[in-house]
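**Q** Take this structure first; my questions come after.
Numbering (the working numbering), first residue to last: 611 to 782.
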């Protein structure tokens, strides 16, 4: 998913770049902006290397909508069906927690139909970047540093199919 809120990155900023290549959708790769070209950024990747020289970090151009700030590492007590990112193959891949076994969490990847166990340190809560922070799928809000912010989310519960019998509830 592309970063939709425009942010201008400066040379030296740490970022994540989403891949739009077949087989890599839903993955993000960490890097540093080495040049701002206006409509693109030149990025030097943290974990990807050149094919012909494995000792040289890969540098490539990324469209503005493929670049976002580095996602904070948030490690709550995960639960089944929670959307997470797992670190594998040099990047962060979106998946869904299915269960816990011992110290490992099992993550299902809908894009590849794989089900893989990971230690908690290789999983982070999947967050979407919003102007001044990050939001989880269930509406929890985090600061840019990954600290939970107070989030008052309103929920309308409809009983009996009529909005006249609805009850308002507040989740904290």
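Think of the CB as a built atom: it goes at the ideal place given N, C-alpha and C, for glycine as much as any other residue.
Starting from residue 684, trace the beta strand (DSSP E) in both directions and tell me its first and last residue.
**A** Neither: residue 684 is in no beta strand (DSSP E) and is coded neither H nor E.
**Q** Mind checking residue 715: buried by the 16 CB within 10 Å criterion, or exposed?
**A** When all chains shown are included, residue 715 counts as buried.
**Q** Might you give, ordered along the chain, the residues of its own chain that have their beta carbon closer than 7 Å to the beta carbon of residue 745, omitting 5 neighbours on each side?
**A** 737, 738 and 751.
**Q** Let me confirm a value: residue 713 is counted as buried when at least 16 other C-beta atoms fall within 10 Å, else exposed. Which label applies?
**A** With fewer than 16 Cβ atoms within 10 Å of its Cβ, residue 713 is classed as exposed.
**Q** What is the DSSP secondary structure of residue 649, counted as helix, strand or coil?
**A** If DSSP states are grouped into helix, strand and coil, residue 649 belongs with coil.
**Q** In the DSSP assignment, find the beta strand (DSSP E) that holds residue 740 and state where it starts and stops.
**A** First-last of the beta strand (DSSP E) with residue 740: 737 to 740.
**Q** So is residue 658 buried or exposed if we call it buried at 16+ other beta carbons inside 10 Å?
**A** Per the 10 Å Cβ criterion, buried.
**Q** Only counting the same chain, and skipping five residues up and downstream in sequence, which positions put a Cβ closer than 7 Å to that of residue 627?
**A** Hits under 7 Å: 638, 639, 641, 653, 672, 676 and 677.
**Q** Taking only three categories from DSSP, how would you classify residue 669?
**A** Correct three-state label for residue 669: strand.
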